[in-house]
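By our numbering, the letter at position 80 of the sequence shown is numbered 471, and the numbering carries on one by one without gaps.
A virtual CB, placed ideally from N, CA and C, is assigned to each residue, including glycine.
Remarks on the structure that follows.
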Amino acid sequence: MARTSASQKLGKRLKQLRLESGLTQEKLSIATGLSQTYISGVENGIRNPSIKTLDKLAKALGVSISDITNFKTYKLKDNSRVIRHL
Numbered sequence: 392m393a394r395t396s397a398s399q400k401l402g403k404r405l406k407q408l409r410l411e412s413g414l415t416q417e418k419l420s421i422a423t424g425l426s427q428t429y430i431s432g433v434e435n436g437i438r439n440p441s442i443k444t445l446d447k448l449a450k451a452l453g454v455s456i457s458d459i460t461n462f463k464t465y466k467l468k469d470n471s472r473v474i475r476h477l
């Protein structure tokens, strides 16, 4: 089984936080000034955001950078299901 890269883990975590915040990629794009294509690339593990970009994303999501880079397994806020292991 292939190992998940750090970029993929970060992307999955970012997507999880975005969905929990009720934001679309488009709304996150507007809030951060980043393109929707760039956000999609980060969520898919294709793009590697800088610390400055992580800070923009964290502020828009109302979390810290460490919340984005924490790759543990998380449950959705409503505890309905566990997000896939990151």
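Cβ-Cβ distances below 7 Å link Gly436 to Ser396, Ser398, Gln399, Gly402 in the same chain, with the five nearest sequence neighbours on each side left out; the list follows chain order. Thr415 and Lys450 have their alpha carbons spaced roughly 15 Å apart. About 6 Å separates the CB atoms of Thr423 and Leu448; that is less than 8 Å, so the two are in contact.
Assignment of Leu408 by DSSP, reduced to helix, strand and coil, places it in the helix class. For Glu417, the number of other beta carbons within 10 angstroms of its own is below 16, and it is reported as exposed. The beta carbon of Ser420 lies closer than 7 Å to those of Ser426, Gln427, Ile430 in the same chain, with the five residues before and after it left out.
Per DSSP, Thr415 is not a residue of any alpha helix (DSSP H), being assigned neither H nor E.
Residues Leu408, Arg409, Ser412 of the same chain have their beta carbon placed closer than 7 Å to that of Leu452, with the five preceding and five following residues left out of the count.
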